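Position in the sequence shown (first residue = 1) + 261 = the working numbering.
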Amino acid sequence: MPTVRQPAVAGSFYPASREALVRDLGQLLSQAIEPDENSPCPKALIVPHAGYIYSGKTAAAGYASLRRCASTITRVILLGPVHRVTVQGLALPDAQAFMTPLGSIEIDQEAIKSLAGMAQVSVNGEAHLAEHSLEVQLPFLQTLLGPFKLVPLAVGTASNGQVAEVLERLWGGPETLIVISSDLSHFKPYEQASRIDRETVQRILTGVPLYTYEQACGATPINGMLLAAKMHGLTAHLVELCNSGDTAGNRQQVVGYAAFTFTESLKASNSSGDDDSKRGEILLSIARAAISKALGQPCSEADQSAEWLKEPGAVFVTLQKQGKLRGCVGSFEPFRPLLLDVQANAQASALRDSRFKPLTLAEWPDVQIELSLLGPKQQIVFTSQADALGQLQGGVDGIIFEFNQHRSTFLPQVWEQLPDPRQFMAHLKLKAGLPQDFWSDAIRLYRYHVRKWSEIKRTGGV
């Protein structure tokens, strides 16, 4: 009979019952942002491994990036640090399968055979018996992927090169996903932990190895992944960063969590320039028809049957009249079909932008519509306001500003009016309802890029 590793932390790190686990995973993944349709599929992830009430939201944000390519993945290489047993090198299990409340996962015996002869790899069932860093990732993978085989490696004392060598042996193609399991800093006061974690994130994003386990308990597998990523030309992207003080813990002693994806450089878009232009024409037509209908003057609409209109999308609709802003409303994140988002934000920009009186039918013929489709947001990690300002890319970045309940954004187009990063940031704070000289370490900034379409200048007539 094949040996099966039974779950060790079900009921403590995550629910032991299938029903409760399915419910919790559904809730966590439903809160995660859908990947942009043009974003490349990740080759690798770094995700945290605390109890789901602490780090589940961050892990889900990382795993959500797999949705578009989940059907392609049939093998997962999972690396996590050992917490309870001393291990030299990387330890494979002696089991033929790993069990969770969601079912059994087969260990990829052929892949394990390919590691034969590597001095840094051994079989050590004890290292896996109670190890949580690998186990907590499995229910996420079972929920998002179809059938897959697993290669779990518990990482102990090893060099960056030894880990990278193992990853290289198992690299494979699009069917193989690499998952690195690691939390960040441990048991520091909130502000100190935030500073340490921001530095750690910056090192990961720039491919600089970590130098202490104070930065991340999984520093060894992370460093191996950074080396492998450099050899394969992968780029790291921060998906989410927080700590237990932001979720379910106190702020006296916190644990840091981050999710990253590693992707190849974005190749040519699947859509040609002509296709992109055609989409813009359709979206602008939908926006104009929605406003016309709201003003009591229905007009013909573009065909709304295209499948891409049913996918989630976040759009800002900007109205200009004689070269001046006449309304601008949009969505920060995709939470409904693109078609509905365009229609709702078009009508809101015309009638419910609190800075302007509702648009009138008499004005309507002289109004020009501009649409900005937001790409995925990426958190900016900084150590000070000066550091944050230095990372802004004028004319390129749209920026989301968040501080507690205060939130605002400027599209990349706003750089035309506010080219100085200091003025750009000052007005972003004012828009969020804060003084322009306000600053706090609790501020969060995100960048995004947009695809933009504008109507030609209108001279009357709908």
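C-beta: ideal position from N, C-alpha, C; glycine also.
Please read these numbers as outputs of a predicted model, since none were measured by experiment.
- Under the three-state reduction of DSSP output, P637 falls in the coil class, being neither helix nor strand.
- In this structure, I314 keeps its C-beta atom at 8 Å or more from the C-beta atom of A497.
- Within its own chain, the residues whose Cβ lies closer than 7 Å to the Cβ of L282, once the five positions on either side in sequence are excluded, are Y275, P276, P362, L363 and P400, listed in chain order.
- For G517, the pairing in a beta bridge is given by DSSP as N504.
- Taking the Cβ atoms as the reference, L502 lies roughly 19 Å from V397, outside the contact range of under 8 Å.
- Under the three-pair Cβ rule at 8 Å, the segment 408-418 counts as touching the segment 324-343.
- In this model, L487 and R328 are separated by some 24 Å (Cα to Cα).
- Non-local beta-carbon contacts of Q403 in its own chain, meaning distances under 6 Å to residues more than five positions away in sequence, involve L363 in chain order.
- Within the model, the alpha-carbon separation for Q654 versus D507 is close to 28 Å.
- When F617, G468, G317 and S365 are compared, the shortest CA-CA separation from Q581 is found for F617.
- Positions of the beta strand (DSSP E) runs, each at least 3 residues long and wholly inside the segment 616-689, are given as 628-635, 639-641, 659-664 and 667-671 in order along the chain.
- Between S365 and V440, the gap from beta carbon to beta carbon reaches 8 Å or more.
- Three or more Cβ pairs closer than 8 Å define a contact, and the segment 319-335 falls short of that threshold against the segment 663-671.
- In this structure, L635 lies near A575, with their beta-carbon atoms less than 8 Å apart.
- Excluding its 5 nearest sequence neighbours in each direction, I294 has C-beta neighbours in its own chain below 8 Å: A322, A325, E594, P595, P637 and K638, listed in chain order.
- Here the alpha carbon of V384 sits roughly 20 Å from the alpha carbon of G485.
- Counting along the chain, R345 sits inside no alpha helix (DSSP H), nor does DSSP assign it H or E at all.
- A straight-line Cα-Cα distance of about 11 Å links D702 and R459.
- For K491 and L438, the gap between their C-alpha atoms comes out near 17 Å.
- Rounded to whole angstroms, the separation of the alpha carbons of E542 and D536 is 10 Å.
- Between S610 and G588, the CB-CB gap stays under 8 Å.
- L466: member of the alpha helix (DSSP H) spanning Y451 to L466, first to last residue.
- Around E562, the same chain offers A550 as residues with beta carbons nearer than 6 Å, after the five sequence neighbours per side are excluded.
- In this structure L672 is not in contact with V603, their Cβ atoms being roughly 15 Å apart against a cut-off of 8 Å.
- Every beta strand (DSSP E) stretch that sits fully inside the segment 391-429 and reaches 3 residues is listed by chain position as 410-416.
- Nearest to E572 by alpha-carbon distance, out of Q629, R597, F521 and G557, is R597.
- Partner residues in the beta bridge of E367, as assigned by DSSP, are A358.
- A Cβ-Cβ separation of about 6 Å places L306 in contact with T522 under the 8 Å criterion.
- When DSSP reads this structure, S715 sits in a beta bridge with E631.
- Annotation: A352 to A477 spans about 19 Å, alpha carbon to alpha carbon.
- For I465 and L471, the gap between their C-alpha atoms comes out near 8 Å.
- Within the same chain, Cβ atoms closer than 6 Å to the Cβ of Q514 are found at F448, the five residues on either side in sequence being excluded.
- Secondary structure note for T579: its beta strand (DSSP E) is the uninterrupted segment V576 to K582.
- Residue nearest to D369 within the set A271, F409, Q684 and Y451 is F409 (criterion: CA-CA distance).
- DSSP, read as helix, strand or coil, puts H447 in strand.
- I338 is bridged by DSSP to V412 and I439.
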